[in-house]
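Working notes, beginning with the structure itself.
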Ligand code: SF4
Ligand code: SF4
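In my numbering, the protein residues as written are 3 to 342.
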């Protein structure tokens, strides 16, 4: 099923709940009473200001409850230091951003468990991955709503449904396998030796000894790009250890493997609101680069991302993230049978 539908953001008053209600009415409802349905979303890193408010997730949960399903909201732990590295920290961050069971009307969980160990591996048979390891959420869940904030991203150009399924379901080990293709490289002329990169590096790969410039131990670096994103002087750039297309392909392979598992009873919603330069994983100010446009819904993540990108225009992201071979996500998805 490759059909999709767009519902524009109506009125000037946020949140655009009326628009989301209209979109939900357009779906062929795929769940049955009693189904446990996971709503996969990203509630924003601690200190991030671009994440979606919880009102939309609450509306989706209410829609499911009205159909007698049993929804829950979930995310997974991440590689970065910050407010989502462990389940405890992530739930605190969720609550600080308004994602509480009381407000949402359903549970909020970390699908890979308290310490990131509730994971499962299954065969993938792709070029880069013969297996993928993801949160162990499938046996207890009969359906999924993939609800994504569509926005920019420094290595995939945009982040939408494909990324939400891929990085969003991935175990920390799988996230690391996808991120292993790049590391930071320093422009000393720009560096003020402020130490931010050292402070935030989750693996202690970054170090600095006055009066030298920072160093990055490539044996310890996991390519999370947090230092690159957070350097206040833009003194760090991505150095690709392999062709940049490899990251795009790995991202797609993980998403495809997850989608193979969940496609029978899943729907996909992209929110084209508060479209920021960077993903919601980064703390701090994240400039908005588009008007609020609305919601794209459908039954296939590649279709929904492609249509979202047509509506926003790829140029708004290419201006801020030049040179990313993002089209490879779509061509590779077709090559491996993830999309028609
Ligand atoms: S964060 Fe940037 S400016 Fe600060 S020490 Fe690291 S590279 Fe230099
Ligand atoms: S040095 Fe490597 S591991 Fe440390 S923050 Fe930068 S990219 Fe991440």
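Every residue gets a Cβ at the ideal spot worked out from N, C-alpha and C, and that includes glycine.
Small disclaimer: the values here were computed from a predicted structure and weren't measured.
Per DSSP, the beta-bridge partners of residue 184 are 242. Burial check for residue 194: the Cβ neighbour count within 10 Å stays below 16, so the residue is exposed.
By the neighbour-count criterion, in which a residue is buried when 16 or more other Cβ atoms sit within 10 angstroms of its Cβ, residue 252 is buried.
Not one heavy atom of ligand 2 is found less than 7 Å from the C-beta of residue 286.
The Cβ-Cβ distance between residue 57 and residue 300 does not fall below 8 Å.
Across the structure, residue 203 and residue 289 are spaced so that their CA atoms are roughly 23 Å apart. Uninterrupted beta strand (DSSP E) stretches at least 3 residues long and entirely within the stretch 212-264 occur at 238-242, given in chain order.
Residue side-chain check: residue 210 keeps its Cβ at 7 Å or more from all non-hydrogen atoms of ligand 2.
For residue 234, the shortest C-beta to heavy atom distance toward ligand 1 is below 7 Å. The alpha-carbon of residue 269 is positioned some 6 Å away from that of residue 148.
Just so you know, the alpha carbons of residue 65 and residue 26 end up roughly 8 Å apart. In this structure, the beta-carbon distance from residue 167 to residue 257 falls below 8 Å. Between the stretch 215-222 and the stretch 174-188 there are three or more C-beta pairs closer than 8 Å, enough to call the two in contact. Non-local C-beta neighbours of residue 247 in its own chain, meaning closer than 6 Å and more than five positions away in sequence, comprise 327 and 330, ordered along the chain. With a minimum length of 3 residues, the unbroken runs of beta strand (DSSP E) contained wholly in the stretch 49-89 fall at 72-77.
Across the set 21, 17 and 16, the C-alpha of 21 shows the shortest separation from the C-alpha of residue 297.
When only Cα atoms are considered, residue 303 and residue 7 end up about 13 Å apart.
Residue 139 places its beta carbon less than 8 Å from that of residue 40. Residue side-chain check: residue 151 keeps its Cβ at 7 Å or more from all non-hydrogen atoms of ligand 2. The beta-bridge partner set that DSSP reports for residue 133 consists of 125.
Between residue 92 and residue 112, the C-beta gap is smaller than 8 Å, which places the two residues in contact. Of the heavy atoms belonging to ligand 2, none sits nearer than 7 Å to the Cβ of residue 175. If you check the C-beta of residue 204 against ligand 1, you find no heavy atom less than 7 Å away.
Under the DSSP definition of a beta bridge, residue 24 lacks any partner.
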